[in-house]
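In the UniProt record's numbering, the protein residues as written are 1 to 145.
Note that CB positions come from ideal geometry on N, CA and C, so glycine has one too.
Have a look at the structure below before the remarks.
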């Protein structure tokens, strides 16, 4: 029995991924979809593998990679198994960069939380005088170290 892989139109992929068709076409123009097939008429025929690639591209964008860096990654994918170690190293580096950024954002959030509490109390009291005496930013910053 012959089974064929489901093929999706660009409109269907747009609905599945939540991306506009124009973005998907742009990704294709940047060679972000190394496995994408086209009909003789040039109509894109997407498979689940292409949809998964689009999701990875979106993840890479969210993690701060430039379009050029993403393009480098998709070129590595197109090389197949010979680039597995390069891709492995790339993803570990991206992950570490993101963890560092998350740590920095947590520190920023703690200071913002402090300032929210500070101004909530100052607004309640109608003055900053009592807040200055009872809440110290230095204490918050020292806890971040």
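Near residue 140, what residues of its chain come up, given a Cβ to Cβ distance below 7 Å and the 5 sequence neighbours on each side ignored? Within the chain shown, numbered from 1, the residue matching residue 140 stands at position 140. Hits under 7 Å: 110, 111 and 114.
- Return helix, strand or coil for residue 35, following the three-state DSSP convention. Here residue 35 corresponds to residue number 35 of the chain shown, with the count starting at 1. Looking at residue 35 - three-state DSSP - the assignment turns out to be coil, as it is neither helix nor strand.
Legend entry - residue 107 versus 19, 44, 142 and 31, residue with shortest Cα-Cα distance: In the chain shown, counting from the first residue as 1, residue 107 sits at position 107. Comparing alpha carbon positions, the residue from 19, 44, 142 and 31 closest to residue 107 is 142.
Exercise for review: Mark residue 85 as exposed unless 16 or more other C-beta atoms lie within 10 angstroms of its C-beta, in which case mark it buried.
Suggested key: Looking up residue 85 in the chain shown gives position 85. Burial call: exposed.
Go through its chain and collect everything with a Cβ distance to residue 151's Cβ below 6 Å, but skip five positions before and after it. Nothing can be reported for residue 151, as the shown portion of the chain is limited to 1 through 145.
**Request:** Measure the C-alpha to C-alpha separation of residue 63 and residue 98 and round it to an integer number of angstroms.
**Result:** Position 63 of the chain shown, counted from the first residue, corresponds to residue 63. Position 98 of the chain shown, counted from the first residue, corresponds to residue 98. C-alpha of residue 63 to C-alpha of residue 98: approximately 6 Å in a straight line.
- Query: Can you tell me whether residue 50 is buried or exposed, with buried defined as 16 or more other CB within 10 angstroms of its CB?
  - Reply: Here residue 50 is taken as the residue at index 50 of the chain shown, counted from 1. Classification for residue 50: buried.
Just how far apart, CA to CA, sit residue 47 and residue 104?
Walking along the chain shown from the start, residue 47 turns up at place 47. Walking along the chain shown from the start, residue 104 turns up at place 104. Rounded to the nearest whole angstrom, the CA to CA distance from residue 47 to residue 104 is 38 Å.
Q) Mind checking whether residue 78 and residue 34 have CB atoms under 7 Å apart? A) Start at 1 with the first residue of the chain shown, and residue 78 comes out as number 78. Start at 1 with the first residue of the chain shown, and residue 34 comes out as number 34. Between residue 78 and residue 34, the C-beta spacing is below 7 Å.
- Task: In angstroms with no decimal places, state the Cα-to-Cα distance between residue 128 and residue 122.
- Result: The residue given as residue 128 occupies position 128 in the chain shown. The residue given as residue 122 occupies position 122 in the chain shown. Each residue's Cα considered, the two are about 5 Å apart.
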